[in-house]
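Engineer:
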Amino acid sequence: MTNHEPTETPVIELRGAGLTYVGPPPVVALRPCDLVVQRGEFVTVVGPSGAGKSTLLNIIGLLDIPTHGTYLLDGHDTAGLGDTDRTALRGHRIGFVFQSFHLLPHRTALENVALALVYRSISHKERMRKAREALVRVGLEHRVDAVPSTLSGGERQRVAIARAMVGRPSLLLCDEPTGNLDTSTAASILELLHVLHGAGMTILVITHDLTVAQQGERTITIRDGRLTEEVRR
Ligand SMILES: Nc1ncnc2c1ncn2[C@@H]1O[C@H](COP(=O)(O)OP(=O)(O)OP(=O)(O)O)[C@@H](O)[C@H]1O
Numbered sequence: 006m007t008n009h010e011p012t013e014t015p016v017i018e019l020r021g022a023g024l025t026y027v028g029p030p031p032v033v034a035l036r037p038c039d040l041v042v043q044r045g046e047f048v049t050v051v052g053p054s055g056a057g058k059s060t061l062l063n064i065i066g067l068l069d070i071p072t073h074g075t076y077l078l079d080g081h082d083t084a085g086l087g088d089t090d091r092t093a094l095r096g097h098r099i100g101f102v103f104q105s106f107h108l109l110p111h112r113t114a115l116e117n118v119a120l121a122l123v124y125r126s127i128s129h130k131e132r133m134r135k136a137r138e139a140l141v142r143v144g145l146e147h148r149v150d151a152v153p154s155t156l157s158g159g160e161r162q163r164v165a166i167a168r169a170m171v172g173r174p175s176l177l178l179c180d181e182p183t184g185n186l187d188t189s190t191a192a193s194i195l196e197l198l199h200v201l202h203g204a205g206m207t208i209l210v211i212t213h214d215l216t217v218a219q220q221g222e223r224t225i226t227i228r229d230g231r232l233t234e235e236v237r238r
């Protein structure tokens with residue numbers, strides 16, 4: 006198990022954070038919870054449909070604001086941030102990986118990855134260099150000029166992972182990253198996540214799949230909006 010320095014600023018620090026939809030009727034999607042993820046950890050969150058996984062992901066990903074408690078991302082208190090600052094913090098600190106890849110269909114793999122850097126103050130040439138480097142890292146150096154429709158599901162997810170990583174985020178936030186893949190392709194994507202984790206990346210994977218959940222160093226179960234059991238490996 007990785008040795009995480011406890012005095013470091015955590016990447017994720019939720020304190021009594023929860024979300025209730027006002028309704029009517031009001032729905033408690035996430036009960037007030039505490040969750041601390043240190044730099045370099047690989048954490049999985051597992052739970053059945055309707056348990057609150059998307060709610061938790063949306064809070065951690067700065068896509069939703071908790072109605073209770075506090076959320077610090079890399080030590081930055083996210084309460085009270087305006088839309089511009091929230092978007093900037095999200096863009097710099099979080100790389101998202103989704104089940105359905107979310108690639109632009111008419112752009113090449115290289116362009117899809119480079120687009121993630123479009124708001125960074127670097128030249129076009131530098132964006133392309135970094136995008137190519139990210140694609141090499143996920144094993145796709147031979148497919149940089151391919152458009153998504155000519156890539157396999159596993160290759161599309163590799164492009165999406167390269168896009169998520171290219172801006173060197175603090176956190177790779179994955180929502181059912183293998184949900185659209187067959188078993189052996191899923192295994193290769195999980196292997197890639199392990200390689201990135203081995204290189205120091207902090208990873209949080211949200212899934213309903215126990216096999217995927219077992220990949221984490223720590224697995225947290227979410228049920229009826231409550232974070233419960235924690236398994237450490
Ligand atoms: N906009 C909303 N308004 C009211 N209730 C909502 C809203 N969004 C989600 N919920 C409710 O909050 C609870 C948690 O939903 P959430 O989408 O977080 O679950 P989930 O674990 O991601 O489910 P799934 O795996 O099916 O996507 C559910 O009871 C859901 O019906």
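Those letters in the sequence shown? Residues 6 to 238, by the numbering used here. Yeah, the Cβ is synthetic: ideal placement off N, Cα and C, and Gly gets one too.
1) State the CB to CB distance for the pair Arg161 and Gly52, rounded to an integer number of angstroms; the pair is presumed to be in contact (CB under 8 Å).
2) With which residues is Asp82 paired in a DSSP beta bridge?
3) Check whether the stretch 40-55 and the stretch 16-30 are in contact - that is, three or more C-beta pairs closer than 8 Å.
4) Quick check: is any heavy atom of ligand 2 less than 7 Å from the C-beta of His213?
5) Using DSSP's beta-bridge definition, name the partner residues of Leu108.
6) The alpha helix (DSSP H) spanning Thr49 covers which residue range?
7) Would you decide whether Gln220 is buried or exposed? Buried here means 16 or more other CB atoms lie within 10 Å of its CB.
8) On the three-pair Cβ rule with 8 Å, is the stretch 163-170 touching the stretch 192-212?
9) Please write down, chain order preserved, every residue whose beta carbon lies under 5 Å from a heavy atom of ligand 1.
10) Out of Glu181, Thr155 and Ala136, which one is the CA nearest neighbour of Lys58?
11) If the criterion is Cβ atoms closer than 8 Å, does the pair Gly230 and Ala56 meet it?
12) Have a look at Leu186 and Arg142 and give me their C-alpha separation to the nearest angstrom.
13) So is Arg132 buried or exposed if we call it buried at 16+ other beta carbons inside 10 Å?
14) For Arg237, list the residues DSSP reports as bridge partners.
Structural biologist: Quick look at the numbers:
1) Distance from Arg161 to Gly52 at the Cβ level is roughly 26 Å; contact not present, criterion being Cβ atoms closer than 8 Å.
2) Per DSSP, Leu77.
3) The stretch 40-55 vs the stretch 16-30: in contact.
4) Annotation note on ligand 2: not contained in the displayed structure, which lists ligand 1 as its ligands.
5) Leu108 is not bridged to any residue.
6) Where Thr49 is concerned, there is no enclosing alpha helix (DSSP H), although the beta strand (DSSP E) it sits in stretches over Phe47 to Val51.
7) Gln220 comes out buried.
8) Yes, since at least three Cβ pairs between the stretch 163-170 and the stretch 192-212 fall closer than 8 Å, the two stretches touch.
9) Per the CB criterion, closer than 5 Å to any heavy atom of ligand 1, the qualifying residues run in chain order as Tyr26, Val32, Ala34, Ser54, Gly55, Ala56, Gly57, Lys58, Ser59 and Thr60.
10) Ranking the options by Cα distance to Lys58, first place goes to Glu181.
11) Yes; because the gap between Cβ atoms is below 8 Å, this pair is in contact.
12) Rounded to whole angstroms, Leu186 and Arg142 show a C-alpha spacing of 20 Å.
13) Buried, since its Cβ has 16 or more Cβ neighbours within 10 Å.
14) DSSP output for Arg237 lists Arg223 as bridge partner(s).
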